[in-house]
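Accompanying notes for the structure given below.
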Amino acid sequence: MFKKQPLSAMISCLAVLILLFDFLGPIRVFSAYENRYLTQRPSLNWDDVVDGKWMLTYEEYINDQFMLRDGWISLKSLSERFLMKKENNGILFGKDGYLFEKLMELNEQTALNLRYLAEFEALVKAPLTSVIIPNSYAILPHYLPKGVPLLDQLSLIEKWDEKLDLLLIDAQLKANASKQLYYRNDHHWTLEGAYVAYTVLCEKWNLTPLPFDSFSIEYAPDFLGTYYAKAKPSQINPDRLGFIDPTIDSYIIGNQSFPSLIDRSKLSTHDKYGAFLYGNIGLSTVVVNEKEDPSRLLVIKDSYANSMIPFLTAHFDEIVIVDLRHFSGSLSAVMQSETFDQILFMQNFSNFISDAHLAKLRY
Amino acid sequence: MVFSSLIFLFRFLPIALLLLFLTPKKYQNLLLFILSLIFYAWGEVRYIFIMFLSVVLDFFSSQGIKRYRNHPWLPNVFLMISIFGNLGMLFFFKYLGFIGSLFALDLPTLTLPLGISFYTFQTMSYTIDVYRGKVEAEDNIIDFGAFVCLFPQLIAGPIVKYSQIAFELKHRVMSMAQFESGLKLFLLGLASKVLLANNIGMMWDDIIRLPVESLSTMTAWLGTLAFGFQIYFDFSGYSLMAIGLGSMLGFNFPQNFNYPYISKSMTEFWNRWHMTLGSWFKEYVYIPLGGNRKGTGRQILNLLIVWFLTGFWHGAAINFILWGLYFFVLLVIEKLVLMKWLNKRPILSRIYFIFFILIGWAIFAISDLTLLGQYLQAMFTLQPSSQWMYFISNYGVVLLFCLIFSTDIPKKVMSSVSFPMVEASMVTVLFLFCIAYLVDSSYNPFLYFRF
């Protein structure tokens, strides 16, 4: 057979190998290589079969549990390099090891979110500051491959500012672009980037920002984040994750209380950024100083704010934090439960234009 | 289920092949019928009844024609039942929503049953052929069901006429040699879809998502070029996979694509592109209408009808009709004046062909007529920009591969080296890359959901 039908022989061997592995091999729950949970075998039930849900999940399961999955992913990224592609899985390879999100269009959600934010501005009683944080490519355009037609975040934010009351931070970010404000391998900003936003906020609120060097900064090395997990670039330029761990009274999530804002157990995993504020929590409270009539800040945010909030502990006694993506309660109830000196709405551009949870601003 | 998925490659296909090899000849068609229904139901459980309806409708109308052959009008009635039944199904599922939107009626837009445009045409041609006395009516409903639902060509062609596989339906042999050559075709088709079509399709996707007013001239042309490559490698890849699978199972399906992009005229293109559809329309519409035997005026009218229908067959939207009529105009001009001129000019004729085929693909690809207008405008207004540099630098190598593989050069090179071992290894390597792209798939669209 091997001599006369070599192709049939080779392909059958391969198929048998893969089938054997599929049925006998281990089932993985989490992929550290991709930094995500893998689909498990769906249980068979009639309703899911009839509406096709079971088939879809089963196909995902086959893909996710495929023999040597990580190896195939590497082979694909190798092939993309061979094709001299400037990107892989929607992540652009920039200069100097920078990876960027290939963000080319707004979507249906964007107009809705702009409306929700405008309605929210009209609704809130306390002073509100809204920040839409530009993503890395918008501040570092000269690191992009030439000619790539991405959304012009800065002029869009400026345009939206005509109707909304936004606090613009791009000028300050650009002025500090000699420092590393964004991670090469992750979609977040670095501690330096977060610090820039912190100083702009202080200025707005008539507070005196503390100098960067006055914080005791710690670093976790070898940080490869979400961009890296998708793009799998040939050259690895790991970042280091800087963080500060200010003294607080307690950090309260539900009925649990923690002594610190940093979940140090995350620092040794792939999800290092998850160390800030113990990840994205629907509702949490930082009690900086336990006292009678505390100065209070409400932050409605996505994960970008997680690394900035520790700076703000120097200026507020209590910080209440809401992440609408994980929050199932009523935002107006939170706002009515306490008096807030300031309310901060802060989201990164990419998330702001597509996040379906901003509808919750109205409840 | 689609061929370019791990579930097909590593679950359905190996199990199906194993069962087919183990099952005695007597039950082969029954098994094939059942396997095909599972293949179809994987994507659309609810629409499986249409499959049965199709089988029953044409089986019994053909049996009727056979039994009452000598009756003065009954065969006509049975033929009409089949034609109205098939076209009725097609109309109901594919065109009802469109007609509704055209006349502002409140008619439902239904999800299109997978492959309905293909199998209604196939079964209709069977009954027509029985009526014409070209084939014997099939007496075994299982064998007939296996023909209608035959999974290799069920959802995206080629359009196989019953007469072409009637013999193989009863007396096919699965041989190792045929399996080997079929497997090769299947894997080459898979590579065409997964490695070429999907990769160049991303470029078209990028470009059509850009705000149309920001498109530079160059980018707009690159966009239609990318789409032209995507639909070719996708569609011909699917056909090749179908032909390969057929061969592995002992069927000989007709060729569907013959390097259409090396054409020198639209007339030649349509002899090389989706050949089974072209010959279907020729045999069942153009020739019955009188073809070219009733004078030039009548011939042009016949062509108009055929090309209106061809366009409309591709999708229930105005742009597909425009697309068909666009080819009607070009083909008539070629027939009346241009053909002689083109035949003498090997280079100019290719430029002519590529220019007009790219405009054609823009019409085909964009269903929103306002956007289509703006896109065509972008193609013909001079607007310089550096956009194209990104598209060339990111997709340049893929474009080059597409260019090379849309000609017959690779085939000629391959056939001059005849080392089966080398060839087999190369195809296996291609397959490995296909698996890699399917495992890490962020883009693997199915383009025929409107056919």
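As they're listed, the protein sequences go chains H and C.
Residue 208 in numbering that gives the first Met the number 0 is what sits at position 209 of the first sequence, and the numbering runs on without skipping anything.
Residue 94 in numbering that gives the first Met the number 0 is what sits at position 95 of the second sequence, and the numbering runs on without skipping anything.
Ideal Cβ positions, reconstructed from N, Cα and C, are used throughout, including at glycine.
- Annotation: N251 of chain C is outside any alpha helix (DSSP H) and is labelled neither H nor E by DSSP.
- When rounded, the separation of the alpha-carbon atoms in N255 of chain C and Y237 of chain C is 10 Å.
- Put simply, the CB of K85 of chain H is near chain C, with a gap under 8 Å to one of its CB atoms.
- In this structure, L102 of chain H places its C-beta atom within 8 Å of the C-beta atom of L149 of chain H.
- Interface residue (Cβ-Cβ distance to chain C less than 8 Å): F65 of chain H is classified as such.
- Taking the C-beta atoms as reference points, F252 of chain C is found no nearer than 8 Å to Q121 of chain C.
- A distance below 8 Å between beta-carbons, with the five flanking residues on each side excluded, links W53 of chain H to the following residues of its chain, in chain order: P41, L43, N44 and D47.
- The residues E120, L127 and S129, in chain order, have a CB closer than 8 Å to that of D164 of chain H in the same chain once the five nearest residues on each side in sequence are set aside.
- Rounded to whole angstroms, the separation of the alpha carbons of F250 of chain C and R171 of chain C is 7 Å.
- D238 of chain H sits in a strand when the DSSP states are folded into three classes.
- Residues are counted here when their Cβ sits less than 7 Å from a Cβ of chain H; for the segment 336-365 of chain C the count is zero.
- Excluding its 5 nearest sequence neighbours in each direction, C401 of chain C has C-beta neighbours in its own chain below 6 Å: L195, I199 and F228, listed in chain order.
- The DSSP-derived three-state label of I6 of chain C is helix.
- Note that the C-beta distance between G281 of chain H and F326 of chain H is below 8 Å.
- By the criterion of a C-beta distance shorter than 6 Å, D262 of chain H is surrounded in its chain by A274 and Y277, once the five residues flanking it on both sides are discounted.
- Residue burial annotation: W72 of chain C is exposed, with fewer than 16 other C-beta atoms found within 10 angstroms of its C-beta.
- Between T126 of chain C and S60 of chain C, the C-beta spacing is below 8 Å.
- Around L182 of chain C, the beta-carbon contacts reaching into chain H at under 7 Å are L6, S7 and I10.
- S392 of chain C has its alpha-carbon roughly 12 Å from the corresponding atom of F92 of chain H.
- By the rule that beta-carbons nearer than 8 Å mark a contact, T427 of chain C touches chain H.
- N347 of chain H: member of the beta strand (DSSP E) spanning Q341 to N347, first to last residue.
- Y436 of chain C reaches chain H at K75, counting residues in chain order whose Cβ is nearer than 7 Å.
- Close to W272 of chain C, with beta-carbon spacing below 8 Å, lies no residue of chain H; the smallest spacing is near 27 Å.
- Taking all protein chains in view, the Cβ of P133 of chain H is crowded by 16 or more other Cβ atoms within 10 Å, so the residue is classified as buried.
- Straight across, the Cα-Cα distance linking S177 of chain H with K265 of chain H is about 29 Å.
- Judged by DSSP secondary structure, Q177 of chain C falls outside any beta strand (DSSP E) and instead within the alpha helix (DSSP H) spanning M175 to A190.
- Within a 10 Å sphere around the beta-carbon of F81 of chain H sit fewer than 16 other beta-carbons, which makes this residue exposed.
- Closest option to M66 of chain H, judged by alpha-carbon separation, among H:R27, H:K203, H:P5 and H:M334: H:R27.
- Taken through DSSP and simplified to helix, strand or coil, A155 of chain C comes out as coil.
- Under the 10 Å beta carbon count, R183 of chain H is surrounded by 16 or more other beta carbons and is classified as buried.
- Straight across, the Cα-Cα distance linking G222 of chain C with V397 of chain C is about 14 Å.
- Using a Cβ-Cβ cut-off of 8 Å, I6 of chain C counts as an interface residue toward chain H, since at least one Cβ of chain H sits closer than that to its own.
- For A423 of chain C, the C-beta contacts it makes with chain H under 7 Å involve P5, L6 and M9, in order along the chain.
- Counting only Cβ-Cβ distances below 7 Å, V396 of chain C has contacts in chain H at L82 and M83, in chain order.
- For D205 of chain C, the neighbours in chain H by C-beta distance under 7 Å run, in chain order, M103.
- Chain-order list of chain H residues neighbouring M388 of chain C: K145 and G146, by C-beta distance under 7 Å.
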